[in-house]
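Undergrad: Residue numbers (the working numbering), protein chains in the order written: chain Z, 27 to 158; chain D, 27 to 158.
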């Protein structure tokens with residue numbers, strides 16, 4: 027059976043889905059949640075709700091909302107101790123969360139690797155004396 | 027005048043907004059638009075609508091929608107040549123778009139740098155024989 031002729035791509039770049047980045051999990055690829063996950067994983071320990079709020083510059087409502095998304099996915103745990111004015115809330119990343127976030131970071135590295143050539147050209151264009 | 031006593035942070039991590047990543051422009055920090063921008067900047071030349079669709083694995087509607095957002099921000103140009111069945115659409119990144127995307131990529135590098143220590147620990151935990 028003759029091999030089916032491939033559709034000619036002429037000058038087109040090859041690689042279907044070459045830049046689709048399917049590994050960029052939408053749960054992590056949101057600015058506030060990326061801040062939360064980086065804070066929690068970088069600290070190597072649990073953080074209080076207040077500290078997390080301060081590190082990520084998020085409002086109470088926004089932090090609660092994004093923590094709930096991460097908690098539902100099994101990526102973080104949120105534990106409340108005590109009650110009333112003396113209560114405190116502590117957040118930490120789960121093992122599943124660490125593993126999934128590691129995978130996300132690998133895909134992010136791929137984005138930067140793909141863009142690196144373009145960055146060099148752009149940087150050269152931004153140097154004083156360059157005329158477009 | 028005596029210096030006002032700083033609020034004690036005890037075990038709390040310092041650095042308000044340390045992980046807020048304000049440079050992560052929401053226009054670029056969307057999976058499909060990140061794919062489009064990386065495709066266009068990595069190719070160093072204009073791409074046809076069809077090639078872009080193929081590289082990013084996007085539907086006609088999604089690609090159009092995200093290109094419109096980038097076009098409105100002045101980051102890409104979309105030019106249609108001809109009309110009817112013989113028409114073709116070409117997309118390219120503007121100088122403004124390259125500069126802004128470069129800035130976004132710098133912030134993305136910061137995220138990876140912040141997470142690198144955590145990644146090493148996680149990788150160690152994932153090695154066979156590790157017991158949590």
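Cβ atoms here follow ideal geometry from the backbone N, Cα and C, with glycine treated the same way.
1. Grab me the residues of residue 105 of chain Z's own chain with a C-beta within less than 6 angstroms of its C-beta, minus the 5 sequence neighbours each way, in chain order.
2. Please list the terminal residues of the continuous alpha helix (DSSP H) segment that includes residue 92 of chain Z.
3. How far does the alpha helix (DSSP H) with residue 61 of chain D in it extend, from its first residue to its last?
4. Within the same chain, show all residues whose beta-carbon is closer than 8 angstroms to that of residue 31 of chain D, passing over the 5 residues directly before and after it, in chain order.
5. Taking residue 82 of chain D as the query, report the chain Z residues whose CB atoms sit under 8 angstroms from its CB, ordered along the chain.
6. Looking at the secondary structure, which residues open and close the beta strand (DSSP E) in which residue 103 of chain Z lies?
7. Once the 5 residues before and after residue 51 of chain D are set aside, which same chain residues still bring their CB inside 7 angstroms of it?
8. Going along the chain, which residues of its own chain have a beta-carbon closer than 7 angstroms to the beta-carbon of residue 95 of chain D, five neighbours each way excluded?
9. So, with DSSP's three-state summary, where would you put residue 122 of chain D?
10. Please state whether DSSP places residue 73 of chain D in a helix, a strand or coil.
11. By how many angstroms is the C-alpha of residue 112 of chain Z removed from the C-alpha of residue 101 of chain D?
12. Please state whether the Cβ-Cβ distance between residue 82 of chain Z and residue 65 of chain Z is less than 8 angstroms.
13. Nearest-angstrom Cα distance between residue 90 of chain D and residue 68 of chain D?
14. Could you work out which residues of chain D lie near residue 55 of chain Z, taking near to mean beta carbons separated by less than 9 angstroms?
15. With 8 angstroms set as the bound, which would you pick, yes or no: does the beta-carbon of residue 137 of chain D sit closer than that to a beta-carbon of chain Z?
16. Per DSSP, what kind of secondary structure is residue 46 of chain D in: helix, strand or coil?
17. Taking DSSP as the reference, what is the three-state secondary structure of residue 113 of chain Z?
TA: With the given structure in hand:
1. In the first chain, counting from the first residue as 1, residue 105 of chain Z sits at position 79. So the qualifying residues of the chain are 116.
2. Counting from 1 along the first chain, the entry for residue 92 of chain Z is found at position 66. Taken as a continuous stretch (DSSP letters only), the alpha helix (DSSP H) holding residue 92 of chain Z covers 86–98.
3. Taking the first residue of the second chain as 1, we reach residue 61 of chain D at position 35. Segment 57–69, the alpha helix (DSSP H) holding residue 61 of chain D.
4. Translated into positions along the second chain, residue 31 of chain D becomes position 5. Its pLDDT being 41, under 50, residue 31 of chain D is placed unreliably in this model, and the value from its coordinates should be taken loosely. Closer than 8 angstroms at Cβ, skipping near neighbours: no residue.
5. For this step, residue 82 of chain D is matched to residue 56 along the second chain. Correct list: 43, 45 and 46.
6. Along the first chain, one-based indexing puts residue 103 of chain Z at 77. Unbroken beta strand (DSSP E) run through residue 103 of chain Z: 102–107.
7. Within the second chain, residue 51 of chain D is the residue found at index 25, counting from 1. Around residue 51 of chain D: 126 and 130.
8. Sequence index remark: in the second chain, residue 95 of chain D carries index 69 (1-based). These residues qualify, in order along the chain: 53 and 59.
9. What you label residue 122 of chain D is simply residue 96 of the second chain in a count that begins at 1. In this structure, residue 122 of chain D counts as helix in the three-state DSSP scheme.
10. By 1-based counting over the second chain, the position of residue 73 of chain D is 47. Strand, per DSSP.
11. Start at 1 with the first residue of the second chain, and residue 101 of chain D comes out as number 75. Start at 1 with the first residue of the first chain, and residue 112 of chain Z comes out as number 86. Taking the straight line joining both Cα atoms gives about 50 angstroms.
12. In the first chain, counting from the first residue as 1, residue 82 of chain Z sits at position 56. In the first chain, counting from the first residue as 1, residue 65 of chain Z sits at position 39. Yes; because the gap between Cβ atoms is below 8 angstroms, this pair is in contact.
13. In the second chain, residue 90 of chain D corresponds to position 64, counting from 1. In the second chain, residue 68 of chain D corresponds to position 42, counting from 1. Using only the alpha carbons, I get a separation of about 20 angstroms.
14. The residue labelled residue 55 of chain Z in the question sits at position 29 within the first chain. In chain order: 55, 56, 57 and 60.
15. If you number the second chain from 1, residue 137 of chain D lands on position 111. True, the Cβ-Cβ gap to chain Z drops below 8 angstroms.
16. Taking the second chain and counting its residues from 1, one reaches residue 46 of chain D at position 20. Residue state, collapsed to three classes: coil.
17. Residue numbering aside, residue 113 of chain Z sits at position 87 when the first chain is read from its first letter. If DSSP states are grouped into helix, strand and coil, residue 113 of chain Z belongs with coil.
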